[in-house]
Structure formats: C-alpha cells, structure tokens
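Visitor: Dropping the structure in here first, questions after.
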Amino acid sequence: MSGYIDSTLKKLSTDPDELPALIYHPLAAGQIRVLVPNLTDGLSWTLEVSSNTDLTFDAFSYCWGPQTETFAINCNGHQLRVHHNLYTALPYLARRQLESTPAQPIWIDAVCINQADDDEKLIQIGLMNQIYTKARKVWAWLGLAKDQSYVPHILSLLPQITAYNAAVAGVPRHLKPERPAELQELSPVFWETVLHLFRNPWFERVWVVQEAALAKDITFLCGEHELSFAILSKAAADEAFTNWDLQEQGKEVDNIAPAQERHGIAYIVRNLLKDKEDKLHDHQGRVRLLKNPLHAISIMADNLKCFAPQDRILGALALLKEMDPYSMHDYGSNSTAKLYIRFSQYILSTSVRDFRWWRYINSSFGLMRTKELPSWVPDLHHQISPHVCHPNKDIAGFCHRDTTPYQASTLTTAFATGNRLDEIALRARVVDEIGMVHPIIPKMLEPTYYYDTKVQRHEEAFTSVIEMVDWETTVAEAALIQGSGENKSVSAVNTSYGRVTMDTYWRTFLRDEGIDGEIELNEATWHDVWDRLREMASILRKSRELLRMVKAGELDYNTPQGEVYTPAELALLDLEPWKQLHVNPMYAILVNVGSLRDRLLFNTRDGRFGFTSKGVQTGDLLCVLNGSPTPHVVRKTSDREGEERYQFVGDAYVHELMHGEVDDMRIEERELVFV
Numbered sequence: 001m002s003g004y005i006d007s008t009l010k011k012l013s014t015d016p017d018e019l020p021a022l023i024y025h026p027l028a029a030g031q032i033r034v035l036v037p038n039l040t041d042g043l044s045w046t047l048e049v050s051s052n053t054d055l056t057f058d059a060f061s062y063c064w065g066p067q068t069e070t071f072a073i074n075c076n077g078h079q080l081r082v083h084h085n086l087y088t089a090l091p092y093l094a095r096r097q098l099e100s101t102p103a104q105p106i107w108i109d110a111v112c113i114n115q116a117d118d119d120e121k122l123i124q125i126g127l128m129n130q131i132y133t134k135a136r137k138v139w140a141w142l143g144l145a146k147d148q149s150y151v152p153h154i155l156s157l158l159p160q161i162t163a164y165n166a167a168v169a170g171v172p173r174h175l176k177p178e179r180p181a182e183l184q185e186l187s188p189v190f191w192e193t194v195l196h197l198f199r200n201p202w203f204e205r206v207w208v209v210q211e212a213a214l215a216k217d218i219t220f221l222c223g224e225h226e227l228s229f230a231i232l233s234k235a236a237a238d239e240a241f242t243n244w245d246l247q248e249q250g251k252e253v254d255n256i257a258p259a260q261e262r263h264g265i266a267y268i269v270r271n272l273l274k275d276k277e278d279k280l281h282d283h284q285g286r287v288r289l290l291k292n293p294l295h296a297i298s299i300m301a302d303n304l305k306c307f308a309p310q311d312r313i314l315g316a317l318a319l320l321k322e323m324d325p326y327s328m329h330d331y332g333s334n335s336t337a338k339l340y341i342r343f344s345q346y347i348l349s350t351s352v353r354d355f356r357w358w359r360y361i362n363s364s365f366g367l368m369r370t371k372e373l374p375s376w377v378p379d380l381h382h383q384i385s386p387h388v389c390h391p392n393k394d395i396a397g398f399c400h401r402d403t404t405p406y407q408a409s410t411l412t413t414a415f416a417t418g419n420r421l422d423e424i425a426l427r428a429r430v431v432d433e434i435g436m437v438h439p440i441i442p443k444m445l446e447p448t449y450y451y452d453t454k455v456q457r458h459e460e461a462f463t464s465v466i467e468m469v470d471w472e473t474t475v476a477e478a479a480l481i482q483g484s485g486e487n488k489s490v491s492a493v494n495t496s497y498g499r500v501t502m503d504t505y506w507r508t509f510l511r512d513e514g515i516d517g518e519i520e521l522n523e524a525t526w527h528d529v530w531d532r533l534r535e536m537a538s539i540l541r542k543s544r545e546l547l548r549m550v551k552a553g554e555l556d557y558n559t560p561q562g563e564v565y566t567p568a569e570l571a572l573l574d575l576e577p578w579k580q581l582h583v584n585p586m587y588a589i590l591v592n593v594g595s596l597r598d599r600l601l602f603n604t605r606d607g608r609f610g611f612t613s614k615g616v617q618t619g620d621l622l623c624v625l626n627g628s629p630t631p632h633v634v635r636k637t638s639d640r641e642g643e644e645r646y647q648f649v650g651d652a653y654v655h656e657l658m659h660g661e662v663d664d665m666r667i668e669e670r671e672l673v674f675v
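The opening position of the sequence shown corresponds to residue 1 in full-length UniProt numbering, with each subsequent residue numbered one higher.
Right under this line is the structure:
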C-alpha cells in the first residue's frame, strides 16, 4: 500500500499545479457539495452538487492545522488548494471511498463549502447538524504518526492499557500493582506514537465536538489504520494514564501531558446525546451535563481551540440546534461582537433558572476583552489563561466545597432584554460605593523557590518576600481602623472611605475559611505568619546587601555566617520548615493571598472590605443583583435618552455580604440597565 500512497501523493503534488483554478457556483436552498474519488486514478476528485435529503455520503472530521501553506489537488479537472493536514488525508480517504460500489461520496468542509463566500459559509454551517446526523459514517483524522509501524501494536494494547488505568486509579504509587508483561519495557518511539494518538490536537478543537457528537457512526483514522472512537476517546481522557510509564522508567520522550477536560469533551457529549433513555435531569432535578446550550458553550469556550473568534459560536451551532431546535435562528453576521451579543441574549433569556447562569455573566470579567462587546457579554474567545483571572475565573469559585456556597441574594434572578441590542436589565440593590482601591499584589513565586539552592532563585525569593511584606503593610495601614506593625496603637482617619477591623481584614483575605487541610487559620495565625515574614524580610534585606558587598569585593565570600548573622537571624533563615508545606500555616496563608493576584482589594465609603476585578475605581458602586451568588461592582456610564445606564466592573467578595445579609437590609430594589 505504501507504493500506492507514494505514487498518488506524488501525482497530487505535481499535476494539479498546472490546472486552472476551480470556480465555485452558488448552491440552491438545501443543496450541499460532496467529493467523489475518480475511478481513473484514485486521487483526482469530482465535486458534485446534491440535495442532502436524498443522498448517502460520509463526512470528515479533522483539524485544519497551519494555514500558511497550501497544496494543489485535482478537482473537476481544476486546481483546488488545500492545507497540509487535509492534503495528507486525501489518499487514505480515497482508498476507503473506492471500496464501495459506486464510490461513496464524502463531505469535507474546506472543499465542499466555498470558503471565499461568507454568505454561503453561514448557510452551510447552519446545515451542519443535518449533515453530520445524516452521514453514513464520520471519519475522524488523527494525521500520521512519526512511525506508523507502531500503530497496530498500540491498538492491540489499548484494552490492556485502559484496564490497567482502571485498576490503578486512585491507588498510591507504592501500592500500585505490577503492570502486565506486555506493558513493560516499551521503547521511546512506541510512546511517541502513543502521544500522537492520546494527546492529538483533534481532541482540542471546537468544531470536532459537534461532528463527533452528532455522528451515527464515527471511526478514527491514523493513516491506513482504523481506531475505535469509544476506546481511544476514553483512554485519551483518562487521568490515570498520565505519566504512568514514562516517569517510572525514565524514557527519553516527552512526558504525556495530563488529561484535561478538553480531551474528553467530544466523548462525553456524544455519549450523552446518544443516551437512549434520554434522561434530562439528575437526581437533584438539575439539567444533565451538556443537555443545555449554556453548559455546552461554556466548557467549549474554556477548553477548546479554534482559529477565528466567531467559531466559538459557529463551531457549536449544530450541537446547539440539536439541543434546542429553536436556538440562534438569526446568527448570520460578519461581526463577532454582534454574534456574541445575540448568542448571549439567547443564553441568558432561555437559561435563567440554570445554576450556571451567573457563571456565564461572570465570565465577562476577563483580563482581555474585545472592545466592541457590552460589559455583560463574555469574550468567548479569551476564556483561558492568561486572559482570565487565576486561579478562579469567578469569585464564586473561591468558596470551599465543604462550606456553605455563596449566595449574596436569595431572591429570584430578574432578567429582561433592553431597548437596544447591547442592553440587558437586572433587578438590584445598590449597597455601597468604592472609596479606596489598594495597590495590586506583587508577583509571588512558586513555593519551591524559597528553598532552592540556586543563587538566582535565592535572590528572586528575597525580592518576593520583601515586596509581599511591604505590600501587606501598605494595605493594612490604609485599610484597618488601626495601623499594623509598630503603629498598632495609632488611629488613622480618612473621610473618603471607612476602615475595617482586623477580624474583617484577615477573614476577607482567607474568604472566611478557617481550615485549610490540617491547618487551622485564625487571627492569631495571621499575626504569627506576618510577624515572622516581617522578621524574615528584615533579614533578607540584610542578606541582599551582603550579596551586593560580595559582588563588589567589599566582603569575602567565605566569611562565616556566624560573623554576619546573629543566632536568631540564622534560625529564621533556616528554610527546612518550608519543605513541610502541607502543614505550614505560612504557606497556606500565602497561597490564599496569592490567589488574589489578578484582583484588587478595596474599602468602601461605609467601611466594608473586599476584592473584585482589575479596573475597579473609586466612585464605582457595590451592588447585589437579585439571585446572584456574589456582590458585583458596577459603574454608572453615560445616560441614554435621559435614562441611567451601567457597566459591569466585576464580581466581588465582600465580608458579611456573601450569604443573603443584604436581604435583611432596608435598601430599595431597583432596575439597572447594563450596556
């Protein structure tokens, strides 16, 4: 077969370049194009037009790959240029399609849709739920492995690999059973091929989710080899597979990247949509995973990749229509902003009872946003790091799973669309006003830096501790009713904002979580940790000066530590306790403080303390929107036609406003219109 592939690929790469360019002709309503391999040479293709209602055909699912280089193929006796990944797949597809008599047509988006015609693209994208549902079979292309000869061996071992994963899941490494003999001492090249299959870019692409989920029958192709969709998808999403052989045997091959949610999305969605019982709700009455468009689009935006921002919606449109046949009829737009606005209005209007509704709103408060988007519309193309707050995209995610979930308002969410496309209306109570915004938290290093032996890392650690201590001292002196450190007895007065007690202060930093694993965190712990850090910072300043003196030749490098440090200072510089991080309250507190790195702390006019998204300013309003799990900071913007309008700044954590306290306050409820 290799000779056949080599000869046909050679023909593809030469003859078509001399042909005139293919010209597409408009399609009538309900028509699609399909490719049929020519029987004369097996690789030249005929592009035919047909109604998708009376045609038997296959469909193709693949990653477009790099767009910079194209290759010519022979289509209807004319030249058509395709990208590399499709170019390498065509010989293998042609051979399979020719196994049927007559030759089986196949639908491939890059060829069967006129990519230069935006109107046609939108119409054909609207038909994709019908195309992938009707296709006899969907072929999912994984490309060619570096060494294809290993693929059959891997396929034969897949059942053993998945069985071993199931056996060791959750088992400590030292208690894991020995691997079967056939899974031991496998070559590095074998594992490179496994990486090609298990962490293939196909699993990370937005478009493939709907293509895989809607297919009657789907099979992976890796060159000439066919792979079971169910077995490979399950293995690709299996956390237990991560590094299970490579780390133990020290193979000279890149470690297998940890399984992420994205590696299993296509597999999960397909299984749920194909659920014959079609159970719409779980035992708690909530809509099942991915049985509604809100959850589908949220996890696809968070985990999957695409080239163009509009593909976040268009790449899921067929799936959305399968979930809700009445969804997104008016999706046609060349403007990404308008597409996102229309989709967000649809989501917010139809999913207001969904527990993910506020999470969708809060996805709007990222670190990077398209300027044309209203403040309530998430930028779905920038929903992963470094474009969103870390480690929790929304503040509701800070709530420890073992504690009562945040629910700032116990009222029912009241949502309405506004008079213009970019407006929505929500009921709310304005509680307070931002009076003071504190400096941004300095960069924190990974904990291992603090006991690393490398001089460069020591210097970085010195700087990190000093900057963190200086920052906390500045915040404490500005935020507290009384100053911190040596000024604890000095009262400070500022009429522009209200100061807070130490109890409110430390509880806000720790989100009122008193336990972190085995460690009890309280006010005494807070003081002990920061007192020690201040002492360490003082000594580290001294150490940094000593390093400067050594570099300048002013101090001998071999000077004994006992001559430059006191015994107390040497004890504080002992970094060994830092290695016991899981029982170290200093580490627990710094992790909590460091988790605010993408947010800003504030005091309010009436003496509240909290944090919200970057961009908050004095004069912004603190409000609690009906039904919201957290407070929000909003900003009054220009009036429209004499009516007030507001913009979201971000969700917020505010001590003593997280569990329905506002419902007991006598604050007038009113409608806020957001743009």
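Glycine is no exception: its CB is placed at the ideal position from the N, C-alpha and C atoms.
Classify residue 681 as helix, strand or coil using the three-state DSSP reduction.
Guide: Residue coverage of the chain in this structure runs from 1 to 675, which leaves residue 681 outside it and unanswerable.
Visitor: Could you check the C-alpha separation between V649 and F365 for me, to the nearest Å?
Guide: Between V649 and F365, the C-alpha separation is close to 7 Å.
Visitor: Per DSSP, what kind of secondary structure is S61 in: helix, strand or coil?
Guide: The answer is strand: DSSP assigns S61 an E or B state.
Visitor: Report back the beta-carbon spacing between L158 and N76 to the nearest angstrom; my notes put them in contact at under 8 Å.
Guide: That pair is no contact at about 40 Å.
Visitor: Using DSSP with H/G/I as helix, E/B as strand and the rest coil, what is C623?
Guide: Here C623 sits in strand by DSSP.
Visitor: For the beta strand (DSSP E) holding P37, just list the boundary residues, first then last.
Guide: From DSSP, the beta strand (DSSP E) with P37 extends over 31–37.
Visitor: Can you tell me whether E523 is buried or exposed, with buried defined as 16 or more other CB within 10 angstroms of its CB?
Guide: That one is exposed.
Visitor: Can you give me the C-alpha to C-alpha distance between Y360 and A301, rounded to a whole angstrom?
Guide: Taking the straight line joining both Cα atoms gives about 11 Å.
Visitor: Tell me which residue opens and which closes the alpha helix (DSSP H) that F190 is part of.
Guide: Unbroken alpha helix (DSSP H) run through F190: 188–198.
Visitor: Please name the residue or residues paired with W141 in a DSSP beta bridge.
Guide: Note: W141 sits in a beta bridge opposite L221.
Visitor: Terminal residues of the continuous beta strand (DSSP E) containing S613?
Guide: Its beta strand (DSSP E) spans residues 609–613.
Visitor: Determine, using beta carbons only, whether L175 comes closer than 8 Å to chain D.
Guide: Among the chains of the structure shown, chain D does not appear; only one protein chain is present.
Visitor: Alpha carbon to alpha carbon, how far is I256 from A163?
Guide: A caution first: I256 carries a pLDDT of 47, below 50, which makes its placement in the model unreliable, though a value can still be read off. Cα-Cα distance, rounded: 18 Å.
Visitor: From which residue to which residue does the beta strand (DSSP E) around residue 687 run?
Guide: Beyond the ends of the chain as shown, which are 1 and 675, falls residue 687; an answer cannot be given.
Visitor: Are Q647 and V633 close, meaning C-beta to C-beta below 8 Å?
Guide: Their beta carbons are not under 8 Å apart, which means Q647 does not touch V633 by this criterion.
Visitor: Nearest-angstrom Cα distance between R640 and G627?
Guide: Roughly 26 Å separates the two Cα atoms.
Visitor: Indicate the three-state DSSP secondary structure (helix, strand or coil) for I231 in the structure shown.
Guide: Helix at I231.
Visitor: Distance, Cα to Cα, V168 vs A235?
Guide: Those two C-alpha atoms are separated by around 14 Å.
Visitor: Taking Cβ positions, are P37 and Q79 nearer each other than 8 Å?
Guide: Their beta carbons are not under 8 Å apart, which means P37 does not touch Q79 by this criterion.
Visitor: Rounded to a whole number of angstroms, what is the C-alpha to C-alpha distance between P66 and H83?
Guide: Each residue's Cα considered, the two are about 7 Å apart.
Visitor: What runs of the alpha helix (DSSP H), each 4 residues or longer, lie entirely inside the region 501–542?
Guide: Correct list: 502–509.
Visitor: What does the Cβ neighbour count give for H381, buried or exposed, with the cut at 16 atoms within 10 Å?
Guide: So H381 counts as buried.
Visitor: Does A72 come out as helix, strand or coil in the three-state DSSP assignment?
Guide: Note: A72 maps to strand in three-state DSSP.
Visitor: Could you pull out every residue in the same chain whose Cβ sits closer than 8 Å to the Cβ of I154, ignoring the five residues on either side in sequence?
Guide: F190, T193, V194, L197, listed in sequence order.
Visitor: Can you tell me where the alpha helix (DSSP H) holding N211 begins and where it ends?
Guide: Note that residue 211 is Glu in the sequence shown, not Asn. Residues 206–214.
Visitor: What does the alpha-carbon distance come out to for the pair Q104 and T404?
Guide: Taking the straight line from one Cα to the other gives about 58 Å.
Visitor: In whole angstroms, what separates the C-alpha of A479 from that of S464?
Guide: Cα-Cα distance, rounded: 22 Å.
Visitor: Relative to the alpha-carbon of I218, which residue among E178, W141, S156, Q148 has its alpha-carbon at the smallest distance?
Guide: Out of E178, W141, S156, Q148, W141 has the C-alpha closest to the C-alpha of I218.
Visitor: Which stretch, first to last residue, makes up the alpha helix (DSSP H) that contains F343?
Guide: Run containing F343: 336–350, per the alpha helix (DSSP H) assignment.
Visitor: If I519 sits next to P585, beta carbons under 8 Å apart, how far is it from one beta carbon to the other, in whole angstroms?
Guide: I519 to P585, Cβ: 5 Å. Contact.
Visitor: Can you give me the start and stop residues for the alpha helix (DSSP H) that Y587 sits inside?
Guide: Per DSSP, Y587 belongs to the alpha helix (DSSP H) from 585–594.
Visitor: Rounded to the nearest angstrom, what separates I108 and L35 at their Cα positions?
Guide: Spanning the two alpha carbons is a distance of roughly 8 Å.
Visitor: Would you check if the distance between the CB atom of R597 and the CB atom of M444 is smaller than 8 Å?
Guide: It is a contact, given that the beta carbons lie within the stated cut-off.
Visitor: Give the straight-line distance between the Cα atoms of F509 and A308, rounded to the nearest whole angstrom.
Guide: Each residue's Cα considered, the two are about 39 Å apart.
Visitor: Could you check whether the region 602–616 touches the region 649–659, counting it as contact only if at least three pairs of C-beta atoms, one from each stretch, sit closer than 8 Å?
Guide: Because the criterion of three Cβ pairs below 8 Å is met, the region 602–616 and the region 649–659 touch.
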